[in-house]
């Protein structure tokens, strides 16, 4: 596998860089605007750390932009000024169309469908890698690269990835918000959040085997208006900002519920 | 440990009955209105199956009502007619006050904070058992019984349990609804829900170590209005019933978001 240049040394950059290195793919350079961040990662993966665009190695087989969504276009412009016309450039964002890089002749996306924490190692082989490119032969390059680091590689076009991202907002961001509300409710009564951990883990475990629709339980799906009203009363009495959300989510689970004030 | 009578052979009754038996606590009888259900469980735990109130053994140390919330009061009345005044009766509901059984001189709650599926075995020793009783010495009996079947026993009063239940609605029922919406969004585009499984599992794993507030990611918390608008447009274009909920949840994550139509 030819050499790769990694732009960005945040969570995604760090995990991806390490995994590429571990799987025998040479990462030539790590770029970060903060050289200390570039150096920390570069040291681990035998790469060169850089923080200036003009230092960019121009012969890499692939340039991977592991930067925040709103930086993709600008970083793209910065590296385009340095690179030959045939340079192949991808970003790693689930939310951004590949066309954010259409200034390049060869562009694409190399999206890891996982959430990363700085410290925690993850089982990379199970992470879905979603690739696409504007040219079929480049899509093949990304597919092969993906297969080096994961057992689950999918060719996913811009539209599909956008939809996947919306679904992930519900399954991850909104789920986490529900956890946070739950945490806050317990905290107010000095009850430990740990009490809910087995329930949370079991809920996540269950949906590997059952569809979420089959798993729905609770007062809303049962149409248990008395319990719902008690819960709403409590949220109101404690001035919770989440009363209306409780109502909306309950109505969403069972639209025929009559719980208007 | 003296004998127990179990009223109800549904998911909770079945898992609890088996666990009690496995931990050396004698279950004398299993009651179910459907004798076949009572028999199926009773066979497994060397108990007698009954479906008539007048068959109730009157000398048990504890009567455990593992029945649905709305059946607790009625079942309580039915067994009260059969039992001596000093009978000790508890229910297993997170949503119902112990006072639903206050017709008894000795009453309480023995609540397993977990979701059960018929087939799947669970790690019972990690399940929080939340107990309370109207008399301190009975609370001690429940605490000891809890400790036989789990490492995590808590004395939780009616108010605390009600709050715990609200928190569980967010952390379990509403989370599952978010999974279901996610599932539905992917299904429409014929994308497999399995793509999101590693993300979901990692999200659940993470909150064993971090607080949900620290873990919040996504367009809402970043204030990424452009992405949110794209997502809302997609939900509108596909006539999704979840557009308004997406908006509400995003606003709930970051109240200062300007995403009104």
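Protein chains in written order, with the working numbering: chain A, 1 to 261; chain B, 1001 to 1261.
Using N, Cα and C, we set each Cβ at its ideal position, and we do this for glycine too.
- Proximity below 8 angstroms, CB of residue 1174/B to CB of residue 23/A: no
- Item | Three-state class that DSSP yields for residue 1190/B in the structure shown | coil
- residue 112/A to residue 1017/B, Cα distance in whole Å? 44 angstroms
- Under 6 angstroms Cβ to Cβ from residue 151/A, same chain only, skipping five residues before and after it: list those, please. 125
- Item | Enclosing beta strand (DSSP E) for residue 56/A [first to last residue] | Taken as a continuous stretch (DSSP letters only), residue 56/A belongs to no beta strand (DSSP E), as it is neither H nor E.
- Item | Pick from 1026/B, 1002/B and 1037/B that is closest to residue 1008/B, judged by C-alpha positions | 1037/B
- Item | In DSSP terms, what residue 1087/B is bridged to | None; residue 1087/B has no bridge partner.
- Query: If we cut at 8 angstroms on Cβ distances, does residue 163/A have a partner in chain B?
  - Reply: yes
- For residue 1178/B, name the three-state secondary structure that DSSP assigns. helix
- To which residues does DSSP link residue 130/A through a beta bridge? 111/A and 154/A
- Query: In whole angstroms, what separates the C-alpha of residue 1039/B from that of residue 1006/B?
  - Reply: 12 angstroms
- Measure from the C-beta of residue 110/A to each C-beta in chain C and report whether the shortest distance is under 8 angstroms. In summary, chain C is missing from the structure at hand, where the protein chains are A and B.
- Message: Suppose the cutoff is 8 angstroms on Cβ atoms and the five residues either side in sequence are ignored; what does the same chain contact list for residue 195/A look like?
- Response: 186
- Message: So for residue 170/A, helix, strand or coil by DSSP?
- Response: helix
- Message: My output table needs one value for residue 31/A: the three-state DSSP class, helix, strand or coil.
- Response: strand
- Message: Less than 8 angstroms between CB atoms is the rule here; does residue 13/A satisfy it with respect to chain B?
- Response: no
- Item | residue 248/A at chain B interface by Cβ criterion, 8 angstroms | yes
- Would residue 182/A count as contacting chain B if we go by Cβ distances under 8 angstroms? yes
- Message: Taking the alpha carbon of residue 1098/B as the reference point, which residue from 1210/B, 1130/B and 1081/B has its own alpha carbon closest?
- Response: 1130/B
- Message: Measuring CB atoms only, is the segment 1136-1155 of chain B touching the segment 158-165 of chain A, in the sense that at least three cross pairs come out at less than 8 angstroms?
- Response: no
- Query: Distance, Cα to Cα, residue 1233/B vs residue 1148/B?
  - Reply: 54 angstroms
- For the segment 1222-1240 of chain B against the segment 188-204 of chain A, are there 3 or more C-beta pairs whose distance is under 8 angstroms? no
- Item | Extent of the continuous alpha helix (DSSP H) run through residue 1141/B | 1136-1149
- Item | Close Cβ partners of residue 1104/B (< 6 angstroms) along its chain, the five nearest in sequence each way excluded | 1089
- Task: Decide if the segment 1212-1224 of chain B is in contact with the segment 164-172 of chain A; the criterion is three or more beta carbon pairs, one per stretch, under 8 angstroms apart.
- Result: yes
- Are any of the Cβ atoms in chain B nearer than 8 angstroms to that of residue 218/A? yes
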